[in-house]
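Chemist:
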Amino acid sequence: MNIRWALLMLVVALPSYLIRFSMFGAPFTILESMIVLIFLAWLAKDWKNKLNHIKLAIGNKRKLKKINYPFSKEIILLLVVSVISVGVVGFSNNALGLLKAYFLEPIMLYIVVINVVRLNTKNIRTFGPESIILALATSAMLLSFFAIVQKYTGFGMPLDWVAEGRVTSVYSYPNALGLYLGPIVLLMIGLLFNRLKAKYQFSTKALSSKEDNKINIYKNSFLTIAILSSVMAIVFAKSEGAILGIIVGILIFGLLGNKKSRIITIIVIIVSVVGIFFWQAKDIRVQKKLLFKDVSSTIRIIGWKETIFMLKDKHWLWGTGLSGFQSAVKPYHVDGFFYNFDDDPDFRRKIVIFDDRYKSKYWQPLEIYMYPHNIFLNFWVELGLAGMIIFIWLIIKFLYFSIRFVNDPRFANNKYLISGLLSSMIVIVIHGMFDVPYFKNDLACLFWLIVALLSVIKLNYYSKDLSWKLK
């Protein structure tokens, strides 16, 4: 098996977790089977060395320095608390399946990536972060094209979302598309800016400038189309969390750039704040969005309150365990609430004295979601207090190293690539404040792919000439 090509196919096919089957009585997905097969194929060669250390070639290749896997402590602790969380719900089959899909397999993917991918710092052909991001761009473009077709033809759109006109692509609900595409958009922007800044050669043989320019034009055009189509798909999905995340991610990306981009970004921020201030004064819908008083925000706030009451009562330490949230929060759940959909100024009085027909018009039912729709509460209920703290620390550490490498002159050729990685994590966090950006097969793998790409850069940090080699 060619591990590199297999890895690229896997990255393109991250949404293939939607195709499920059973193997020896255990549920599996296409994505899971691909991860396991690639991991085993990679591990089969020199498995003892690969499980313990990565060897870095520093200077003389005979003198190899051994270092631990990047983020190894956080990974081990996260695996430990995830196993404990399975125990909290009595090692149920459902919990074991989530442990496999959301932690074990994505971390297996992480291990393969940091052993196979190298940072491209020289004018030679390498299997670097660019290859992975281009594969993600391919995946994003395919999903986006289908979403755009849905928008203009209605073909393949789930009936539940036809009335609202929200596209879903291959997913069952619109926000799933936004959660997947949002971080990838910033990865693609980072790579595109990196390519526009630096001149790469992707072959060990000499290329004429004409051939080199043709390759660059093709790849840059591909990235541009993928970015535009992904943004269109997110807008058509009306995924507000993804849109907000991308906006914040782009602003962070601009602030991390050169002096000119920082000035432009600051001006854009100031103008936007002033514009929003005057806009919200004239539009009640904007006011509700900004003050979290629209129906969507109200639903989430009620869900957060229910979750916090449940955690404070008896689950603050261990959480509810993997897959245990819905049953644990049920005693704290309210069936619905009255919402003033048409901004009736006499709403409060009427809702008390009017008949049931009037009340039913303003009644918003509430379902019990699988997760609290907040990235930190999600981890708290699933993995307990320790799991949430470990996850927060992992993100902080990721952002710390990202900023460190962005400002390191030794990584000047990959400055925008690193900025894209940092900004993509920002998108995950921002969107995650209102949704579930991790607990889904493709999203868990995407998260660890982003961490793995930064880990590749971190490994290079330890090398004198910014090159490392596996033995």
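Counting with our numbering, you get residues 737 to 1207 for the letters of the sequence shown.
By construction, the Cβ of each residue, glycine as well, lies at the ideal position given by its N, Cα and C atoms.
Fair warning: this is a prediction, and the values are worked out from it, not measured in the lab.
DSSP three-state label for LYS791, please.
Modeler: Here residue 791 is taken as the residue at index 55 of the sequence shown, counted from 1. The predicted model places LYS791 with a pLDDT of 44, which falls under 50 and marks its position as unreliable; any figure quoted below should be read in that light. LYS791 falls in the strand class under three-state DSSP.
Chemist: Going residue by residue through the segment 1052 to 1138, where are the continuous beta strand (DSSP E) segments of at least 3 residues, counting only ones entirely within it?
Modeler: 1072 to 1074, 1099 to 1101
Chemist: Which parts of the segment 938 to 1018 are runs of the alpha helix (DSSP H), unbroken and 4 residues or longer, counting only runs that do not cross its ends?
Modeler: 945 to 973, 976 to 991, 995 to 1018, all fully within the segment 938 to 1018.
Chemist: Would you give the residue range spanned by the alpha helix (DSSP H) that THR1043 belongs to?
Modeler: As a working mapping, residue 1043 is identified with position 307 in the sequence shown. Run containing THR1043: 1031 to 1046, per the alpha helix (DSSP H) assignment.
Chemist: If I measure Cβ to Cβ from MET844 and keep anything under 7 Å in the same chain, skipping five residues before and after, which residues do I get?
Modeler: Your numbering for residue 844 matches position 108 in the sequence shown. Contacts found: ILE771, PHE775.
Chemist: Around the Cβ of LYS836, are there at least 16 other Cβ atoms within 10 angstroms (buried) or fewer (exposed)?
Modeler: Within the sequence shown, the letter at position 100 stands for residue 836. LYS836 comes out buried.
Chemist: Nearest-angstrom Cα distance between GLY890 and PRO1101?
Modeler: What you label residue 890 is simply residue 154 of the sequence shown in a count that begins at 1. What you label residue 1101 is simply residue 365 of the sequence shown in a count that begins at 1. About 28 Å.
Chemist: First and last residue of the beta strand (DSSP E) that includes ALA762?
Modeler: Numbered from its first residue, the sequence shown carries residue 762 at position 26. Element bounds for ALA762: 762 to 765.
Chemist: Taking a contact to mean a Cβ-Cβ separation below 9 Å, would you say LEU879 touches ALA969 in this structure?
Modeler: Working through the sequence shown from its first residue, we reach residue 879 at position 143. Working through the sequence shown from its first residue, we reach residue 969 at position 233. Inclusion of LEU879 and ALA969 in the CB contact set at 9 Å is warranted, their separation being smaller than that value.
Chemist: Taking only the alpha-carbon atoms, compute the straight-line gap between GLY795 and LYS974 and give it to the nearest angstrom.
Modeler: Working through the sequence shown from its first residue, we reach residue 795 at position 59. Working through the sequence shown from its first residue, we reach residue 974 at position 238. The pLDDT assigned to GLY795 is 38, lower than 50, so where the model puts this residue is not dependable, and the model offers no usable value.
Chemist: In or out: TYR679 buried (at least 16 other Cβ within 10 Å) or exposed?
Modeler: Residue 679 lies beyond the range of the chain shown here (737 to 1207); nothing can be said about it.
Chemist: Given that a residue counts as buried once 16 or more other Cβ atoms are within 10 Å of its Cβ, and exposed if not, what is VAL921?
Modeler: Within the sequence shown, residue 921 is the residue found at index 185, counting from 1. VAL921 is buried by the Cβ-count criterion.
Chemist: Give me the Cβ distance between LEU1153 and PRO865, rounded to the nearest whole Å; I'm assuming they're in contact under 8 Å.
Modeler: What you label residue 1153 is simply residue 417 of the sequence shown in a count that begins at 1. What you label residue 865 is simply residue 129 of the sequence shown in a count that begins at 1. Sure, about 6 Å apart at Cβ, within 8 Å.
Chemist: If the criterion is Cβ atoms closer than 9 Å, does the pair PHE958 and ALA873 meet it?
Modeler: For the purposes of this step, residue 958 is taken as the residue at position 222 of the sequence shown. For the purposes of this step, residue 873 is taken as the residue at position 137 of the sequence shown. With respect to the 9 Å criterion, PHE958 and ALA873 are classified as neighbours on the basis of their beta carbons.
Chemist: Would you kindly work out how many angstroms separate the C-alpha atoms of ALA1188 and VAL852, rounded to a whole number?
Modeler: Numbered from 1 along the sequence shown, position 452 holds the residue referred to as residue 1188. Numbered from 1 along the sequence shown, position 116 holds the residue referred to as residue 852. The alpha-carbon atoms of ALA1188 and VAL852 are separated by roughly 11 Å.
Chemist: Assign PHE1077 to one of two classes, buried (16 or more other C-beta atoms within 10 Å of its C-beta) or exposed (fewer than that).
Modeler: Taking the first residue of the sequence shown as 1, we reach residue 1077 at position 341. Exposed, since its Cβ has fewer than 16 Cβ neighbours within 10 Å.
Chemist: Between ILE1139 and LEU1158, which are expected to be in contact by the criterion C-beta below 8 Å, what is the C-beta distance as a whole number of angstroms?
Modeler: Along the sequence shown, one-based indexing puts residue 1139 at 403. Along the sequence shown, one-based indexing puts residue 1158 at 422. Indeed, because the Cβ distance is near 7 Å, the residues count as touching under 8 Å.
Chemist: Can you give me the Cβ contacts of SER1160 inside the same chain, cut-off strictly under 6 Å, excluding the 5 residues immediately before and after it?
Modeler: The residue given as residue 1160 occupies position 424 in the sequence shown. Only PRO919, LEU922, LEU923, ILE1186 meet the Cβ criterion.
Chemist: Whose C-alpha, out of ILE739, VAL824, LEU840, ILE812, is nearest the C-alpha of ASN1177?
Modeler: Taking the sequence shown and counting its residues from 1, one reaches residue 1177 at position 441. Per the Cα distances, LEU840.
Chemist: Can you tell me which of the three DSSP states MET1169 falls into?
Modeler: Here residue 1169 refers to the residue found at position 433 of the sequence shown. Coil at MET1169, not helix or strand.
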